[in-house]
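Just so you know, we're using this note's numbering here: the sequence shown kicks off at 112 and counts up by one. We treat Cβ as the ideally placed atom computed from N, Cα and C, and that holds for glycine. Note sheet for the following structure.
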Amino acid sequence: IGIPAGMTAGLVLMLVCVLVAISGHDLMHYWWGLVTLGVGWNLLFVAGTALLTTTYQPAERFRAQAVNEFSVFGSQAAASLLAGPALHVLGWRGMNLAALLPLAAMALTLLLPLAQRFLQRCVRLYFVRVTEPLRVWRAFGSPAGLEPSLPWWHAWLWRWLCVAGAFGPEHPLAWHPLRS
């Protein structure tokens with residue numbers, strides 16, 4: 112199904128797990144919570160392992176996979192040893208609510224590339240439809256008194272988009288329209 116889709120499906124199932132676990136203490140709540148936890152964890156694990164293979168050179172393959180396996184299973188061992196004390200301190204509802212923090216971090220890492228692509232499309236649309244006609248207008252001249260000007264918020268928007276990382280210096284839209 113692909114890495115992003117697998118991660119998204121796993122994240123949604125983990126969120127369903129938390130919601131089901133918080134909603135009650137009947138047998139079906141525990142059963143459905145465990146089922147969604149298992150399937151969601153497996154989807155995230157497989158997608159994360161597949162994503163890992165794209166981050167290292169072939170010569171680093173064995174070391175990277177060993178570090179990954181050690182960190183995953185080491186953190187699982189630590190979590191299983193700390194589950195009892197954490198449940199005692201936080202309680203059932205607190206444990207489930209605490210699980211929302213890493214889920215939110217995962218959701219953020221999944222949504223940032225989508226937000227960046229959306230922002231790039233918006234910037235491209237704005238600067239192609241608004242700024243480029245102004246550049247052409249200035250290049251070929253305009254009748255006296257009819258030259259349009261950029262809105263006052265244009266420079267502020269441009270600086271904000273550059274700081275927010277909408278596109279890097281190698282991006283086709285990385286020219287500054289107020290300097291040209």
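Suppose you measure from the CA of Gly149 to the CA of Val127; what does that come to, to the nearest Å?
If you take the alpha carbons of Gly149 and Val127, they lie about 12 Å apart.
Whose C-beta lies closer than 8 Å to the C-beta of Ala161 among residues of the same chain, with five residues either side of it excluded?
These residues qualify, in order along the chain: Ile114 and Gly117.
Look at the alpha carbon of Ile133 and the alpha carbon of Val178, and state the distance between them as a whole number of angstroms.
Each residue's Cα considered, the two are about 34 Å apart.
Considering just the uninterrupted stretch of the alpha helix (DSSP H) at His140, what are its terminal residues?
Per DSSP, His140 belongs to the alpha helix (DSSP H) from Leu138 to Leu163.
Any heavy atom of the ligand ZN closer than 6 Å to the Cβ of Tyr167?
Of the ligands one can find in the structure shown there are none, so the ligand ZN has no counterpart to examine.
Compare the beta carbon distance of Val131 and Trp143 with 7 Å and say whether it is the shorter of the two.
Yes, the Cβ-Cβ distance between Val131 and Trp143 is below 7 Å.
Beta-carbon within less than 8 Å of Thr119's beta-carbon, same chain only, minus the 5 sequence neighbours each way: which residues are those?
Excluding residues within five positions, the ones whose Cβ falls inside 8 Å are Leu221.
Could you tell me the distance, in whole angstroms, from the CA atom of Tyr141 to the CA atom of Ile112?
Using only the alpha carbons, I get a separation of about 28 Å.
For the candidate residues Arg228, Gln168, Gly185 and Gly202, whose alpha-carbon lies nearest to that of Gly136?
First, the amino acid is wrong: residue 136 is His here, not Gly. Ranking Arg228, Gln168, Gly185 and Gly202 by Cα distance to His136 puts Gly202 first.
According to DSSP, is Ala210 helix, strand or coil?
Reduced to three states, the DSSP call for Ala210 is coil.
Is Leu154 near Gly121, with beta carbons less than 7 Å apart?
Yes, these two residues count as a Cβ contact at 7 Å.
Suppose you measure from the CA of Leu225 to the CA of Pro213; what does that come to, to the nearest Å?
If I take the Cα positions, the gap works out to 19 Å.
Can you give the Cα-Cα distance for Gly151 and Leu211, rounded to whole angstroms?
Approximately 14 Å between the Cα atoms of the pair.
Which ranges would you report for the beta strand (DSSP E) in the stretch 165-208 if only whole runs of at least 3 residues count?
DSSP runs (the beta strand (DSSP E)) wholly in the stretch 165-208: none.
For Leu257, is the classification buried or exposed, using 16 other Cβ atoms within 10 angstroms of its Cβ as the cut-off for buried?
Note on Leu257: pLDDT 48, under 50, position unreliable in the model; no value is reported.
Please work out which residues of its chain come closer than 6 Å, Cβ to Cβ, to Gln168, disregarding the five sequence neighbours upstream and downstream, and give them in chain order.
Around Gln168: no qualifying Cβ.
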